[in-house]
Amino acid sequence: MFTDFEGFTKLVARIPAITLVNELNDIFGRFDEIVEETGVEKIETIGDAYMAACGLEEEIRDHAINCIKAAQQMLSYLEERNKKHEIKWRMRVGIHSGPIVAGVVGKKKFNYDLFGDTVNTASRMESLGEPSKINISETTYQLVKNDINCESRGEIQAKGKGELKMYFIKYS
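Residue -5 in our numbering sits at position 1 of the sequence shown, and the numbers go up by one each step.
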């Protein structure tokens, strides 16, 4: 699962850095709680991007559903938070399912990360999504279609991937 915020670059240019850090710390702190509550694991944050995964250490049957539930809670949290705060955060979410490799690379400042086409596809799901919506791949759709209501977006051109079938999660 990947998330990021719409208009982040413009926002950074108009608010003090300490305000930005405090905002992200508040938001990502709650996201950390949400992923823990839903059985999803935070991998890393890079700027305004939040990356998480489920089923890394042991096979979890509902890993895709867990990621969707976490994303839904994140979006609900932001909706409520936006009612009380001056800065209004609009987040995109992308989810893809598949095999990955986890590891630590480099010689300094070791950082646990995920690698593989699954990560790249999840990133494309996020970047081709829309604010306040969860965009999932065909692979993830096949895993959740009997449990979660989805709306087909058809095939969309994804950089470096070609045409990919995508779906938005529909809220009941």
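Glycine included, each C-beta is placed from N, C-alpha and C at the ideal position.
Here the structure is a predicted model, which means the values were calculated and not measured.
Rank K127, R55 and V95 by C-alpha distance to the C-alpha of E73 and give the top, closest one.
Selected option, being the one with the closest Cα: K127.
Inspect the beta-carbon positions of E0 and P125 and report whether they are closer than 9 Å.
Result yes, Cβ atoms of E0 and P125 sit closer than 9 Å.
Can you tell which of Y161, M68, T133 and C61 has its C-alpha closest to the C-alpha of L122?
The option with the nearest alpha carbon to L122 is Y161.
Is the region 32 to 51 touching the region 106 to 119, taking contact as three or more C-beta pairs under 8 Å?
Cβ pair count under 8 Å is three or more, so yes.
Suppose you measure from the CA of L108 to the CA of K77; what does that come to, to the nearest Å?
Using only the alpha carbons, I get a separation of about 35 Å.
Near F(-4), which residues of its chain fall below 6 Å by C-beta distance, leaving aside the five closest residues on each side in sequence?
M45, G88, A116, S117 and E120, listed in sequence order.
I'd like to check one pair, E38 with V29: are the Cβ atoms closer than 9 Å?
The answer is no: Cβ separation not under 9 Å.
For I9, I'd like the list of residues in its chain whose CB is within less than 6 Å of its CB, leaving aside the five on either flank, ordered along the chain.
Nothing listed; no residue qualifies.
Please confirm whether N143 and K159 have their CB atoms less than 9 Å apart.
No. Outside cutoff.
DSSP state of S131, grouped into three classes?
Three-state result, S131: strand.
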